[in-house]
Amino acid sequence: MTGRWLRLAGFTVALLTVVFAVVLASRFGTDPGLVESPLIGQPAPPFELQTLEGEGTVRLEDLRGEIVVVNFFASWCLQCQLEHDDLVATSDAFADQGVRFVQISYQERPDRSLAYLAEAGTSYATHYLHDPGSRTAIAYGVFGIPETYFIDEEGIVVGKIIGESNAFILGGTIDAIKRGERPGQSVTGDTQQRPDA
Amino acid sequence: MSDQVRNGITAGVIVVMVLTLVGLVVSSPSHADRVEAIGSVIRCPVCEGQPIADSPAQMARDMMALIDERVRQGASDEEIISELLASYSGAMLLDPPARGANLLLWLAPVGVLAAGIGIIAWWRSHPRPPTPPDVPRQGRSRRRTLVGGLILAGALGSTVVVAGFFLQEREGPFVGVVSLGTQDLSEVSNETMEAVISANLSDPQINGMRLALAERYFEAGDYRAAFPHFLAVAESPQASPGEAVAALTRLGWMVWDGNQEAGTAIQLFDQALAIDDAASTAIYLKGRVVWCGMEDSGEAARLFSEVLALDGLSPESRTAVQADLDAATRGEACA
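Respectively, the protein sequence lines represent chains A and B.
Per the working numbering, the very first residue in the first sequence carries number 1; after that it's consecutive.
Per the working numbering, the very first residue in the second sequence carries number 1001; after that it's consecutive.
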């Protein structure tokens, strides 16, 4: 082998090493929260949660046959505050159309969530629920809030919105589900992971 | 102490040591150890690259409590990890498994190292021969250039393929984004439009959507649903002149058609015409109400003539207005 051959081979090895290093580094930078939820296309994890007021429980199974929109929120989440009016308006607008909104308080005491909702306003058609131990949030793979999941009439998770949504996005997603489409996952903005984050 | 006793003690100590060692080897890890071990391979979803076992975050503590509960219930480590991955995906593992796309990353350093060692070994076992004086240097140089070019092309091709593969995988989750700006309103339901309007009452841009929704209700004959939206646009300080005229004209017609209130209808048409005196629809509909509600065929004929004098009428509209003008001019009752 000549010196030039050797240099070419060495250069190739070095180039491949750099390529793999770059790829590896880019993988380290991938936000796991943005990876597509494995729940999409799967049966929605069941839950039975108490209302924030502590008056009775709501079971996902009892909502079968309706499109269910599950939103995780907290009073300490800015993006949740920004989308709140849109959630209320969309819930009201679709209340008679076989669509049920469920808002689950994320890592917050019920009294704090209730105080927030008393100020921000509520939809008469939405269930506001408490999730002790974050069991439902874990079952749904919540990385940060707001996260909103769409479950079709058959109980299959067909959509997920990561970040702040609005009435157009929420309603548009519901319209798509009603047309028989599966909207999948979309990222609309940042999420907040902890009260201090 | 006799030898027999010493031997017995020695044998006893050995047996105890062996049993202890065997016990340590075969005994299962404690409950806490298992919880800790599982928690140490799961990435905390609300932290930066930290296992849930080491994170003080509430979410990590909740996940550890769940793992603890599942261990108590008798679930295996694999079952518990699989359950978490079913919700969160494989990205939750701190060490990605060596399979699928990740296998490439695991094997790449080994492959590159092996290639390097192979090249060096090959080079050492094949010392460079002296250049024969009779071989033309130009031909050898061409061969080297060709082979070198092929190697470079191969390397670059691999780079593109590998980078494309990973970049594609990263972009995958963003498929299906519902975009506000690109949605066709014809595919948007009345409920969605109602929700958008309700959530954006203070937005001056909302009048366009209000009118579009109100027109849908109007065309469907649902005056009860259309009326509040037309009224909101008519009363909106942010409405454009065109939007206000359209809303007032529809309101006038609904007041007449729904409630037979000719006076109020004419007032509303006049409000529209005060904004745009060439609003052909408002003039024509006012003529219809004057003719049918006030039974003033002369004034109706004057208004129909005014419409026909305007530019931009479609041939169909012109024909219809002309027919009404002819009938009103003959003093006939409105049809």
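Even for Gly, the Cβ is constructed at its ideal location relative to N, Cα and C.
Only a predicted model underlies this, so the values are computations on that prediction, with no experimental measurement involved.
Enumerate in chain order the residues of its own chain whose CB-to-CB distance from residue i is below 8 Å, with the five nearest sequence positions on each side excluded.
i         : result
THR57/A   : GLU48, LEU49, GLN50 and THR51
ASP92/A   : SER123, TYR124 and ALA125
MET1254/B : PHE1218, TYR1223, ALA1226, PHE1227 and PHE1230
ASP1257/B : TYR1223
ARG1072/B : HIS1031
ARG1043/B : GLY1049, GLN1050, PRO1051, ILE1052, ALA1091, MET1092, LEU1093 and LEU1094
Alpha carbon to alpha carbon, what distance is there between residue j and residue i?
i         : j         : result
THR122/A  : GLU1299/B : 53 Å
LEU1066/B : LEU39/A   : 19 Å
ILE156/A  : ARG109/A  : 29 Å
ALA1032/B : GLU66/A   : 42 Å
ARG182/A  : ALA176/A  : 7 Å
ILE1117/B : TRP5/A    : 15 Å
ALA115/A  : ARG194/A  : 19 Å
ASP85/A   : ALA1037/B : 44 Å
ASP1062/B : PRO1045/B : 11 Å
ALA1333/B : ALA1239/B : 37 Å
ALA1265/B : ASN166/A  : 38 Å
GLU1069/B : ARG112/A  : 27 Å
GLY1074/B : ILE1080/B : 10 Å
ALA1060/B : TRP76/A   : 18 Å
ASP1270/B : SER1236/B : 18 Å
ALA1212/B : ALA1195/B : 14 Å
ALA1114/B : GLY1149/B : 22 Å
According to the Cβ coordinates, are residue i and residue j closer than 8 Å?
i         : j         : result
SER94/A   : ILE174/A  : It is Phe, not Ser, that sits at residue 94/A in the sequence shown. Contact: yes.
ALA1095/B : VAL1035/B : It should be pointed out that residue 1095/B corresponds to Asp in this sequence rather than to Ala. Contact flag unset, no.
ILE1275/B : VAL1245/B : yes
MET1294/B : ALA1262/B : yes
GLN192/A  : ILE145/A  : yes
Please go through the same chain and pick out, in chain order, the residues whose beta-carbon is closer than 6 Å to the beta-carbon of residue i, but skip the five residues on each side of it.
i         : result
GLY189/A  : GLY163 and GLU164
TYR1217/B : ALA1225 and ALA1226
VAL1290/B : ASP1296, GLU1299 and ALA1300
VAL70/A   : VAL102 and TYR149
ARG100/A  : LEU63, GLU66 and VAL68
Can you name, in chain order, every residue of its own chain whose Cβ lies under 7 Å from the Cβ of residue i, other than the five neighbours on each side?
i         : result
ILE169/A  : ILE161 and THR188
GLN1322/B : LEU1308
ILE1206/B : ILE1197 and ASN1200
GLN1058/B : none
MET1064/B : VAL1035, GLY1039, ILE1052 and ALA1053
Sort out for me which residues DSSP pairs residue i with in a bridge.
i         : result
LEU49/A   : VAL58/A
ARG109/A  : For ARG109/A, which the question treats as bridged, DSSP gives no partner whatsoever.
PRO1051/B : ARG1043/B
THR148/A  : ASN71/A and ILE161/A
SER1093/B : It should be noted that the sequence gives Leu, not Ser, for residue 1093/B. In DSSP, LEU1093/B forms a bridge with ILE1042/B.
VAL187/A  : ILE162/A
PRO43/A   : ILE156/A
HIS127/A  : VAL102/A
GLN202/A  : An answer regarding residue 202/A cannot be provided, because it is not within the stretch 1 to 197 covered by chain A.
- prompt: Looking at chain A, which residues of the segment 1191 to 1216 of chain B have a Cβ within less than 7 Å of any of its Cβ atoms?
  reply: Taking a C-beta cut-off of 7 Å against chain A, the contacting residues of the segment 1191 to 1216 of chain B are GLU1191, THR1192, GLU1194, ALA1195, VAL1196, SER1198 and ALA1199, listed in chain order.
- request: Compile a chain-ordered list of the residues in the segment 1061 to 1077 of chain B whose CB is closer than 8 Å to at least one CB of chain A.
  value: Flagged, chain order: ASP1062, MET1063, ALA1065 and LEU1066.
- prompt: Quick one, which residues of the segment 1037 to 1059 of chain B are near chain A if we go by CB-CB under 7 Å, in chain order?
  reply: The segment 1037 to 1059 of chain B vs chain A, Cβ under 7 Å: ARG1043, PRO1045, VAL1046, ALA1057, GLN1058 and MET1059.
field: Proximal residues, the segment 125 to 158 of chain A versus chain B, C-beta separation under 8 Å
entry: The residues in question are GLY133, SER134, ARG135, ALA137, ILE138, ALA139, TYR140, GLY141, VAL142, PHE143 and GLY144.
- request: May I ask you to list, following chain order, the residues of the segment 1266 to 1287 of chain B that have a beta carbon less than 7 Å from some beta carbon of chain A?
  value: Residues: none.
field: Contact list for the segment 1079 to 1095 of chain B against chain A, Cβ threshold 7 Å
entry: Listed by position along the chain: ALA1086, SER1087, TYR1088, SER1089, ALA1091 and MET1092.
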